[in-house]
Amino acid sequence: MFEFCSYIPTKVVFGPGKLKELASMKLPGKKALICVTEDGLMEKLGIQGRVLQYLSQNQIESVVYDKVTPNPTRKGVMEAAELAKTENCDFFIGLGGGSSIDTAKAASIMMVNEGDLWDYAQAGTGGRKEVKGAFPVMTITTTAGTGTECDPWCVITNEQTKEKLDFGTDAVFPVISVIDPELMLTLPRTLTLYQGFDALFHAVECYIATCGCKLTDIYCLEAVKLITRWLPVVAEDGENLEARVNISYAANVLCGFAQSLSATISPHIIGQCMSGLFPGFVHGASLIVTAEAYYKLVIDRGYVSDKFQELGRAMGEEQEEGRPGSSFLSGLTKLMAQTEMRDLPMSQFGVRKEDIKRIAEISTGIGFDFDPYVLTKEDVEEILEKSYR
1 MFEFCSYIPT KVVFGPGKLK ELASMKLPGK KALICVTEDG LMEKLGIQGR VLQYLSQNQI
61 ESVVYDKVTP NPTRKGVMEA AELAKTENCD FFIGLGGGSS IDTAKAASIM MVNEGDLWDY
121 AQAGTGGRKE VKGAFPVMTI TTTAGTGTEC DPWCVITNEQ TKEKLDFGTD AVFPVISVID
181 PELMLTLPRT LTLYQGFDAL FHAVECYIAT CGCKLTDIYC LEAVKLITRW LPVVAEDGEN
241 LEARVNISYA ANVLCGFAQS LSATISPHII GQCMSGLFPG FVHGASLIVT AEAYYKLVID
301 RGYVSDKFQE LGRAMGEEQE EGRPGSSFLS GLTKLMAQTE MRDLPMSQFG VRKEDIKRIA
361 EISTGIGFDF DPYVLTKEDV EEILEKSYR
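Per UniProt numbering, the sequence shown starts with residue 1, numbered consecutively.
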């Protein structure tokens, strides 16, 4: 016997060249607030210009908010919402990666709900108020990693408290997500890998989380297979469109669907804690640095060994007799070594050894509700100590 509740109200427009359909598709409003990062990358690559052109052809007005930071902040969200109100925008477009999309999602909340964004955070110093709706959001992604294009989550940092927290509400499910892998052909190798491993860990965490279901398993195992097969290919040749299509399908679609049914667990909470404390710590990198130590700890303690065996099989590895979970650890370390990500140092992103206790205390305080093995503060410290380079 099993049960689940599935609700994914997002129209997904997927495939190479699909961006041009923006000129004719039915959109959720007449004036868009477009969120892009402050580095001007979307403009430099010509993608922003194309989006503006297609919107104009579709009789849609637009305003650009171009101050999104790599780890989007509460301040940026409030600024974007204020600009949308001033300009009488009636929907949002997140253009770029997870930072732009999550800013658009969070800002859409503040078009309907009073006060400050942090009033609606459900953990840490958040006010735990109920979100009562949001403006429509559309996404046009240029990266393959977060899954935010097809899920009800956004992750925002409070620059004052140094907290990086999830906001989850059905109100921010994108109405439309355009996923055009051609827009990803120019992604740098390092960012491609950070995003790819982020997607891999979305799939793994959603698969072993206690809130998953049989439908989640289908999405997650297929995503793991595709990422294991195609991430090394795209790492060597970023212009390989077939590889980009497969990685994008796994990361943007399958993992997004999985996160709508299940949830990421403690590795993401620990990683988000590090990114909150050290804003230059790229999200995908914050997951890579602790991966081996975390999964070895959980496997050594005998938790969900059958699921780790299935994950290993999805990565093309066979279980060693008498070593439950060894196939997954073998597949993970091989993939990390193959892509030159196995020895990534967290010190590179500003973390010092003396920060470990603080990271453990903050992340444990947020809670590990859906973990198959609930980490203690001492466990988190052990993981960070073993991972530190």
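Virtual Cβ for every residue (Gly too), placed ideally from N, Cα, C.
None of these values were measured; they are calculated from a predicted model.
Remark: fewer than three beta-carbon pairs, one from each stretch, lie closer than 8 Å, so the stretch 61-81 and the stretch 19-28 are not flagged as touching. Excluding five sequence positions before and after Gly126, the CB atoms of its chain that fall closer than 6 Å to its own CB belong to Trp118, given in chain order.
Counting the other Cβ atoms within 10 Å of the Cβ of Asp379 gives 16 or more, which makes it buried. By a beta-carbon distance limit of 8 Å, Leu221 does not contact Ala144. Their separation comes to about 18 Å.
Around the beta carbon of Met1, a 10 Å sphere encloses fewer than 16 other beta carbons of the protein chains shown; the residue is thus reported as exposed. Apart from sequence neighbours up to five positions away, the residues of its chain that approach Val131 with a beta-carbon distance below 7 Å are Ile109, Asn113, Tyr120, Thr169 and Ala171, ordered along the chain. When DSSP states are grouped into helix, strand and coil, Asp66 belongs to the strand group. Annotation: Tyr7 to Lys353 spans about 43 Å, alpha carbon to alpha carbon. For Met138, the enclosing beta strand (DSSP E) has its first and last residue at Val137 to Thr141. Under the 10 Å beta carbon count, Ala360 is surrounded by 16 or more other beta carbons and is classified as buried. Contact between Phe167 and Ala84 does not hold, since their C-beta atoms are separated by about 17 Å, which reaches or exceeds 8 Å. Per DSSP, the unbroken alpha helix (DSSP H) holding Leu55 starts and ends at Ile47 to Gln57. In this chain, the alpha helix (DSSP H) harbouring Cys220 covers Lys214 to Glu236. Secondary structure note for Ser330: its alpha helix (DSSP H) is the uninterrupted segment Ser326 to Gln338. Taking a C-beta distance under 8 Å as the contact criterion, Thr228 and Pro174 do not qualify as a contact pair.
In this structure, DSSP gives Leu83 a helical state, which the three-state scheme calls helix. Beta-bridge pairing by DSSP links Gly96 to Thr141. Judged by their CB atoms, Tyr219 and Phe257 are nearer to each other than the 8 Å cut-off. The distance from the Cβ of Ser248 to that of Met341 is about 19 Å, inconsistent with a contact at the 8 Å cut-off. For Asp116, the closest alpha carbon among the candidates Ser177, Glu79 and Gly17 is that of Glu79. Taken in chain order, the whole alpha helix (DSSP H) runs of length 4 or more contained in the stretch 238-296 are 241-248, 255-261 and 266-277. Here Leu384 carries a helix assignment [DSSP, helix/strand/coil]. Taking the Cα positions, Glu163 is about 29 Å away from Arg189. In the structure shown, Asp379 falls within a helical segment according to DSSP collapsed to helix, strand and coil. Closest in alpha carbon position to Ser286, among Ile299, Leu277, Tyr294 and Gln272, is Gln272.
By the C-beta density criterion, Glu236 is exposed, having fewer than 16 other C-beta atoms within 10 angstroms. With distances taken between CA atoms, Met346 lies nearest to Val282 out of Pro9, Val282, Ala203 and Phe201. With respect to Thr142, Ile47 sits close: the two C-beta atoms are nearer than 8 Å. Judged by DSSP in its simplified three-state form, Gly127 adopts coil rather than helix or strand. At the C-beta level, Pro267 and Glu205 come within 8 Å of one another.
Ranking Gly97, Glu242, Lys214 and Lys225 by CA distance to the CA of Ser177 puts Gly97 first. Between Phe349 and Gly284, the C-beta spacing is not below 8 Å.
With a 10 Å radius around the Cβ and a threshold of 16 neighbouring Cβ atoms, Gly212 comes out buried. Only exposed fits Gly133, as fewer than 16 other CB atoms lie within 10 angstroms of its CB. For Val36, the enclosing beta strand (DSSP E) starts and ends at Lys31 to Thr37.
The beta carbons of Leu215 and Leu261 sit about 6 Å from each other, so the pair counts as a contact at 8 Å.
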